[in-house]
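Peer 1: Got a structure here, written out as structure tokens. Questions coming.
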Amino acid sequence: MRSNVTRHLVDTSGNRVENIAENISSQLFEKNGHVEWFSLALDESTDVSDTAQVLIYIRGVDKSYEVHEELLDMYSIHGTTTGRDIFKGVEMAINQKNLRWKNLKCITTDGGKT
């Protein structure tokens, strides 16, 4: 009985986290659709399972010069990590959020060799 309750709680909280993440992502998508200019900050680190985790932060300015800063995306890279792998993730995030490449003004990285 207890394992069924525990499993149900884990499933329920997992679903809730996914719903919250989807809601935050949709809000961010709505904001980014109005961003005139933006810059990205990339941070890559390796977790305990030796998998590269890449975080992409966005800072954007809208038409009224209001600045927005958010986590744009996070993704994992398994195996070796190259600059090409990181670029593919950035490209996918920019395209999924319908951002315009011509409005990207700066990219900052953590100085990794890739």
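Residue 106 in numbering that gives the first Met the number 0 sits at position 107 of the sequence shown, with consecutive numbering throughout. Ideal Cβ positions, reconstructed from N, Cα and C, are used throughout, including at glycine. Small disclaimer: the values here were computed from a predicted structure and weren't measured.
Below 6 angstroms CB to CB, which residues in the same chain sit around Ala-92 once its five sequence neighbours on both sides are set aside?
Peer 2: Residue numbering aside, residue 92 sits at position 93 when the sequence shown is read from its first letter. Within the same chain, Ala-92 has close Cβ partners Ile-55, Leu-71 and Asp-72.
Peer 1: Closer than 6 angstroms by C-beta to Asp-42: which residues in its own chain qualify, once you throw out the five before and the five after it? Chain order, please.
Peer 2: The sequence position of residue 42 within the sequence shown is 43, counting from 1. Closer than 6 angstroms at Cβ, skipping near neighbours: Leu-54 and Asp-109.
Peer 1: Can you tell me whether Lys-87 is helix, strand or coil according to DSSP?
Peer 2: Taking the first residue of the sequence shown as position 1, residue 87 is located at position 88. In this structure, Lys-87 counts as helix in the three-state DSSP scheme.
Peer 1: In the DSSP assignment, the beta strand (DSSP E) including Leu-54 goes from what residue to what residue?
Peer 2: Your numbering for residue 54 matches position 55 in the sequence shown. Unbroken beta strand (DSSP E) run through Leu-54: 51-61.
Peer 1: Which residues bound the beta strand (DSSP E) around His-67?
Peer 2: In the sequence shown, the residue the question calls residue 67 occupies position 68. That run of the beta strand (DSSP E) goes 66-76.
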